[in-house]
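The block underneath contains the structure these notes are about, expressed in structure tokens.
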Amino acid sequence: MPVVGEGTFGCVHKPSLECKEPNIDYTNKVSKIMTSDSANDELKEFKLLNKIDKENEHFLGTPIKCNLKHTAKNLINISKCRNSNKYHPNTSKELIKLLIMEDGGVNCEQYLYSLRNSAANSETKKHKLDLFYMHFYNIFKSIEFFNKKKVAHRDIKLQNIVYNDNTEIMKVIDFGLLSSYKNAKHEARENKYWLNYFFWSIPPFAIFANKYKYENVKKYLGRPISHNYKERLTNYTKSIINELDNNSSMNSHFYGTLTRRNNFKISTLKKSFHKSFENMISKIHLYSHREYLKKMFYIIDVYNLGHALLHSFTIIEPDFHINKTYFFKVNFIKKMVELGLDMLSFDVFDHISISESIERYKKILQDHINVNDHNYEFKNETIVPKKTQDVKNLDVSIITPFDFIKDEKNCPPEKVLNPTTNRCVKKCKDDFIRDDKFKCVKNKTMKKICPPEKVLNLTTNRCVNKCKDDFIRDDKFKCVKNKTMKKQKASL
């Protein structure tokens, strides 16, 4: 059972390690060994994900938590983790749990290295890379979805995006740092927002997240018209840039990942990024902490996705800096690199948004990759497989084998097949139907059944009390006195 991924909070094995609990289906599953506290924290985030993405469009589904079975096989495979002492029952000081989750494929860093070093011919590799960057567009759409739902992943990187090139599905994983804007805002106002230090995967502009820090810096700098403002701004900016410049995590991983093959000069990158950070600090006096926080929260995932995009090209096109390419035209790479660098700006007040990023990425794709050639199309702003043509309309010889035509996917009883995405999704509730985007919406045409003592208001579709014997409904469906009945009684 090789280790297929390892991060700060867990170690992933494929095939899965075994649980103590019986009757667990390990088919197409991987396991993530974690401390009990980390496992519980991660499962909390899945509750939020299930609430905002009920059909699992943007994640692989909720894992199963179980206890580790203490077998020799399990223990041997745990020893393959870098932090094996943290998870091994004989050495760990904490309770250990397993999360059993869907196997979404290999992480994108592994996939690109594996593809680059494979024995496949260049044409096959190019075909697979076209598909890779087509599906990477849907990761941009996932970030947009999270933005709209007011949540942030906060740890987007190639290692946290998985891709299965057999099913041609790419998904974001590892939601251990997921947060809602509401929670992040509360933490920052209480000065408890903890992702506020210089680290390669944390945007530098996040160091001002806590209100105490932001307000203190704002007070110290003052306004441009105040005495010695330029001197204070210069001195403060210089000290912060110096701290950032000497940060080991930024130098070894943030810059190291991008410059390891000399695709970029570290001095050039630092000059550009530090300049954007200086610009941001000079604008702090213009924004309240609340305004800053809102901008910061919605840009975190855009920033990290920009780094992931650049990282991917340093792997697959290691010589693009000298205009030597292996799979893509130089212009395609340059446009992608320009986009990635804009997404990595250190200026939170003047930063490209996810919608702008999507627009540019889509334009680059359309200019350089013909998605139709790969039997895909843009539909509802996502890239989806084209519907398979009817066999009788295919222009093929009668002796052509039809093994390439995929059978319709079989879904479990509690799910139905989305014909657009070819994915199994949960069935709608009884009083819901599918709209043209295959989403569950309230069925307004279905007549509601009311209890005997009530009647249905056809305008509001609500059950209301019946009128008293000498009352009738008017044109607004209100009970009013039946005046005709009164006249009839008088005549008697």
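Residues in the sequence shown are numbered consecutively from 49, following our numbering.
Beta carbons are placed, not taken as given, at the ideal position from N, Cα and C, and that holds for glycine.
Because the structure is a prediction, the values reported are computed rather than measured.
Three-way DSSP call (helix, strand, coil) for glycine 55 in this model | Position 7 of the sequence shown, counting from 1, holds the residue named residue 55. Three-state result, glycine 55: coil.
Could you tell me which residues DSSP puts in a beta bridge with asparagine 513?
-> Walking along the sequence shown from the start, residue 513 turns up at place 465. Under DSSP, asparagine 513 shares a beta bridge with Lys502.
What are the uninterrupted segments assigned as beta strand (DSSP E) that are 3 or more residues long and contained completely in the segment 247-327, given in chain order?
-> none
In chain order, which beta strand (DSSP E) runs of at least 3 residues are fully inside the segment 150-214?
-> 209-212
Pick helix, strand or coil for threonine 430, following the three-state DSSP scheme.
-> Counted from its first residue, the sequence shown places residue 430 at position 382. Threonine 430: strand per DSSP, three-state reduction.
Can you give the Cα-Cα distance for phenylalanine 256 and aspartate 349, rounded to whole angstroms?
-> Reading the sequence shown from its first residue, position 208 is the one you call residue 256. Reading the sequence shown from its first residue, position 301 is the one you call residue 349. Their backbone Cα atoms lie some 17 Å apart in a straight line.
Is leucine 225 helix, strand or coil when you go by DSSP?
-> Here the question's residue 225 lines up with position 177 in the sequence shown. Of the three classes helix, strand and coil, the one that applies to leucine 225 here is coil, per DSSP.
To the nearest whole angstrom, what separates the beta carbons of lysine 92 and leucine 147, a pair I think is in contact under 8 Å?
-> Taking the sequence shown and counting its residues from 1, one reaches residue 92 at position 44. Taking the sequence shown and counting its residues from 1, one reaches residue 147 at position 99. 12 Å between Cβ atoms; not a contact.
Which class does phenylalanine 480 belong to by DSSP, given the choice of helix, strand or coil?
-> Sequence index remark: in the sequence shown, residue 480 carries index 432 (1-based). Secondary structure of phenylalanine 480 (DSSP, three-state): strand.
Going along the chain, which unbroken runs of the beta strand (DSSP E) with 3 or more residues stay wholly within the segment 336-415?
-> none
Give a yes or no on whether 9 Å exceeds the smallest Cβ distance from histidine 201 to chain D.
-> Among the chains in the structure shown there is no chain D, since it carries only a single protein chain.
Would the C-beta of aspartate 398 count as close to the ligand COA, meaning under 8 Å from any of its heavy atoms?
-> With respect to small molecules bound, the structure shown includes none, and the ligand COA cannot be examined in it.
Can you give the Cα-Cα distance for tyrosine 181 and isoleucine 381, rounded to whole angstroms?
-> Residue mapping note: residue 181 aligns to position 133 of the sequence shown, counting from 1. Residue mapping note: residue 381 aligns to position 333 of the sequence shown, counting from 1. Cα to Cα, the separation comes out at about 11 Å.
Helix, strand or coil for lysine 62 per DSSP?
-> Here the question's residue 62 lines up with position 14 in the sequence shown. DSSP, read as helix, strand or coil, puts lysine 62 in coil.
Use the C-beta contact count for valine 444: other C-beta atoms within 10 angstroms, 16 or more gives buried, fewer gives exposed.
-> Here residue 444 refers to the residue found at position 396 when the sequence shown is read from its first residue. In this prediction, valine 444 scores a pLDDT of 39, lower than 50, which makes its location untrustworthy; the coordinate-derived value is nonetheless stated afterwards. Classification of valine 444: exposed, given that the 10 Å Cβ count is below 16.
Quick one: grab the DSSP three-state call for isoleucine 217.
-> For the purposes of this step, residue 217 is taken as residue 169 along the sequence shown, with counting starting at 1. Three-state result, isoleucine 217: strand.
Since glutamate 216 contacts histidine 175 with CB under 8 Å, what's their CB separation in whole angstroms?
-> Position 168 of the sequence shown, counted from the start, is the residue given in the question as residue 216. Position 127 of the sequence shown, counted from the start, is the residue given in the question as residue 175. Not a contact, Cβ separation roughly 11 Å.
If you run the structure through DSSP and keep just helix, strand and coil, what is asparagine 466?
-> Translated into the one-based positions of the sequence shown, residue 466 becomes position 418. Correct three-state label for asparagine 466: strand.
Under the three-state reduction of DSSP, which class applies to serine 132: helix, strand or coil?
-> As a first step, residue 132 must be located in the sequence shown, where it is residue number 84. Taken through DSSP and simplified to helix, strand or coil, serine 132 comes out as helix.
Leaving aside the five residues before and after lysine 77 along the sequence, list all residues of the same chain whose C-beta is less than 8 Å from its C-beta, in chain order.
-> What you label residue 77 is simply residue 29 of the sequence shown in a count that begins at 1. So the list reads Pro63, Ser64, Ile148, Met149, Glu150, Asp151, once near-sequence residues are dropped.
Looking only at C-alpha atoms, which of His234, Ile288, Glu326 sits nearest to aspartate 398?
-> In the sequence shown, the residue the question calls residue 398 occupies position 350. For aspartate 398, the nearest C-alpha among the options comes from Glu326.
Taking 9 Å as the cut-off, decide whether the C-beta atoms of threonine 285 and isoleucine 329 are in contact.
-> Taking the first residue of the sequence shown as position 1, residue 285 is located at position 237. Taking the first residue of the sequence shown as position 1, residue 329 is located at position 281. Going by C-beta atoms, threonine 285 is nearer than 9 Å to isoleucine 329.
Buried or exposed: which applies to threonine 448, given that a residue is buried once 16 or more other Cβ atoms fall within 10 Å of its Cβ?
-> Position 400 of the sequence shown holds residue 448. Only weak support exists for where threonine 448 lies, its pLDDT of 36 falling under 50; the value from the coordinates is given anyway. Counting of Cβ neighbours within 10 angstroms places threonine 448 among the exposed residues, the total staying below 16.
Just curious, the alpha helix (DSSP H) that asparagine 125 is in, first and last residue?
-> On the sequence shown, position 77 is the one that residue 125 refers to. From DSSP, the alpha helix (DSSP H) with asparagine 125 extends over 120-126.
Under 9 Å between the Cβ atoms of glycine 354 and glycine 304?
-> Within the sequence shown, the letter at position 306 stands for residue 354. Within the sequence shown, the letter at position 256 stands for residue 304. No, these two residues do not count as a Cβ contact at 9 Å.
Just how far apart, CA to CA, sit phenylalanine 253 and valine 396?
-> For the purposes of this step, residue 253 is taken as the residue at position 205 of the sequence shown. For the purposes of this step, residue 396 is taken as the residue at position 348 of the sequence shown. In a straight line, the C-alpha of phenylalanine 253 is about 6 Å away from that of valine 396.
Where lysine 205 and isoleucine 402 are concerned, what is the direct C-alpha to C-alpha distance, given to the nearest angstrom?
-> Here residue 205 corresponds to residue number 157 of the sequence shown, with the count starting at 1. Here residue 402 corresponds to residue number 354 of the sequence shown, with the count starting at 1. Straight-line Cα distance between these residues: approximately 16 Å.
Taking the beta strand (DSSP E) that serine 86 falls in, what are its first and last residues?
-> Against the sequence shown, residue 86 aligns to sequence position 38. Counting along the chain, serine 86 falls outside any beta strand (DSSP E), though it belongs to the alpha helix (DSSP H) covering 84-100.
Within the chosen definition, does the segment 157-166 reach the segment 122-130 through at least 3 CB pairs nearer than 8 Å?
-> no
Inter-residue CB distance, methionine 82 and glycine 109 (contact presumed, cutoff 8 Å) | As a first step, residue 82 must be located in the sequence shown, where it is residue number 34. As a first step, residue 109 must be located in the sequence shown, where it is residue number 61. Not a contact, Cβ separation roughly 17 Å.
In the DSSP assignment, find the beta strand (DSSP E) that holds lysine 529 and state where it starts and stops.
-> Here residue 529 is taken as the residue at index 481 of the sequence shown, counted from 1. It spans 527-529 - the beta strand (DSSP E) in which lysine 529 sits, taken as one unbroken run.
Among Asp85, Glu238, Tyr135, which has the Cα closest to the Cα of histidine 61?
-> For the purposes of this step, residue 61 is taken as the residue at position 13 of the sequence shown. The candidate whose alpha carbon is nearest that of histidine 61 is Tyr135.
CA-to-CA distance, methionine 218 to lysine 261, given in whole angstroms | In the sequence shown, residue 261 corresponds to position 213, counting from 1. In the sequence shown, residue 218 corresponds to position 170, counting from 1. Whole-angstrom Cα-Cα distance: 38 Å.
According to DSSP, what are the bridge partners of asparagine 231?
-> The count along the sequence shown starts at 1 and reaches residue 231 at position 183. According to DSSP, which records beta bridges pairwise, asparagine 231 is partnered with nothing at all.
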